[in-house]
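Q: Got a structure for you, written out below as structure tokens; questions coming shortly.
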DNA sequence: ATTTTTTCCGAATTTTATTCGGAAATATCA
DNA sequence: TGATATTTCCGAATAAAATTCGGAAAAAAT
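Protein chains in written order, with UniProt numbering: chain E, 1 to 156; chain D, 1 to 156.
As structure tokens, this is what we get:
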């Protein structure tokens, strides 16, 4: 299936990125098209996996997740074991992101916990159980100034 | 207004985090409640800013955003100017996240661009224009193994 | 130039959202 | 504790939206 996106698709993505719960009817009004035509496009964007999913952004503080940290993780062995290490990291629910990075550190991981104590727990209980982790370097976030999931949608 | 969340609220958050476009009717069926009652709760969660927004996760590759990088940015002056620097960074659309971090580096920034060349452009054109940036250290992501926005919703 | 495919429309139908009065359950407090 | 206030929920009515589908129009392919 073709993955090329025209201007209308980009408009849809822009509007839905800003508000995933916009009604199809409103979307159609914005685009000055029939609801049925817009719906067809949205379904196609979902099929093509251009749209990955619709998520709700929850205020972490409201559910007692006050601490955000980034952890650089160095793997002790070669490239082959990295994939395995990555999978193990990805399974930990508090870990939101796992990136395989260039350079001497193997992974950069984003993690959210209630507080410093529970981060410590996580590192002791979950991280230390993963084989081949040589070292970790943790960076604590004091304040998040910007946090958007939005991508920059090209104009055309 | 009270911000305490009961079990039903947490269930709603869990379901909506997984799929922001779930219909209120389906939500009500899952919770075995009347749609009107569920709607009332959702509205309240929005009012209380427990729910921040509903977003659509777009496959970055589909819109030619193939490069992901993290940049550590050191500010040359004291704490007071940091706020200003943060604001300037936050205005750059390609920068998705700006975190004020503990330690000698002042900020950790997450940035998405089309490719290495456009990241270079960004650094030359946008970053270098910001006063008081002493140094930057860029980490390129080779592969993203996990990328979730979901928080861990407590059971009770 | 013809055929095929895609995109769109509009109308019909099903489903959902929204509103609201009032009952039931909870919480507050004197 | 007992009375009062507040919150939560339901159910029914109505307004709005989603979904389906046949077929016209536009675009692309041959």
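Each residue gets a CB set at the ideal place from its N, CA and C atoms; glycine is no exception.
Check whether the Cβ atoms of residue 92 of chain E and residue 13 of chain D lie closer than 8 Å to each other.
A: In this structure, residue 13 of chain D does not lie closer than 8 Å to residue 92 of chain E by Cβ.
Q: Please name the residue or residues paired with residue 152 of chain D in a DSSP beta bridge.
A: Answer by DSSP bridge pairing: none, since residue 152 of chain D is not bridged.
Q: Quick check on residue 5 of chain D: does DSSP put it in helix, strand or coil?
A: Coil at residue 5 of chain D, not helix or strand.
Q: Cβ of residue 146 of chain D less than 8 Å from any chain E Cβ?
A: Taking Cβ atoms only, chain E reaches closer than 8 Å to residue 146 of chain D, which makes this a yes.
Q: For residue 133 of chain D, does the three-state DSSP call read helix, strand or coil?
A: DSSP places residue 133 of chain D in strand when its eight states are reduced to three.
Q: If we call anything under 8 Å between Cβ atoms a contact, is residue 136 of chain E one with residue 71 of chain E?
A: It is a contact, given that the beta carbons lie within the stated cut-off.
Q: How is the beta strand (DSSP E) around residue 96 of chain D delimited, first residue to last?
A: Looking at the DSSP string, the run of the beta strand (DSSP E) that includes residue 96 of chain D is 95-101.
Q: Identify the contact partners of residue 16 of chain D in chain E, using a Cβ-Cβ distance below 7 Å as the criterion.
A: Those within 7 Å of residue 16 of chain D in chain E are 56.
Q: From residue 139 of chain E to residue 103 of chain D, what distance separates their C-alpha atoms?
A: Cα to Cα, residue 139 of chain E sits roughly 8 Å from residue 103 of chain D.
Q: For the ligand FAD, is there any heavy atom lying closer than 7 Å to the beta carbon of residue 145 of chain D?
A: Among the ligands in the structure shown, none appear at all, so the ligand FAD cannot be discussed.
Q: For residue 59 of chain E, which residues in chain D fall below 8 Å Cβ to Cβ?
A: Simply 49, 50, 51 and 52.
Q: Nearest chain E C-beta to residue 65 of chain D closer than 8 Å, yes or no?
A: So yes, residue 65 of chain D belongs to the interface.
Q: Pull out every residue of the segment 98-128 of chain D whose Cβ sits closer than 7 Å to any Cβ of chain E, in chain order.
A: The segment 98-128 of chain D vs chain E, Cβ under 7 Å: 98, 99, 100, 101, 102, 103, 108 and 112.
Q: Evaluate the contact criterion for the segment 37-50 of chain D versus the segment 36-55 of chain E: three or more CB pairs, one atom per stretch, below 8 Å.
A: Taking 8 Å as the limit for Cβ pairs, the verdict is that the segment 36-55 of chain E does not touch the segment 37-50 of chain D.
Q: When the Cα atoms are used, what is the spatial distance from residue 147 of chain D to residue 122 of chain E?
A: Going by the C-alpha atoms only, they are around 19 Å apart.
Q: Compute the distance between the beta-carbons of residue 54 of chain D and residue 28 of chain E, then report whether it is under 8 Å.
A: Not in contact: residue 54 of chain D and residue 28 of chain E (Cβ atoms no closer than 8 Å).
Q: Of all the options D:119, D:143, D:152 and D:95, which has the alpha carbon lying nearest to the alpha carbon of residue 145 of chain E?
A: Out of D:119, D:143, D:152 and D:95, D:95 has the C-alpha closest to the C-alpha of residue 145 of chain E.
Q: Keeping to the same chain, check which residues put their C-beta closer than 6 Å to that of residue 45 of chain D; ignore five residues upstream and five downstream.
A: Hits under 6 Å: 51.
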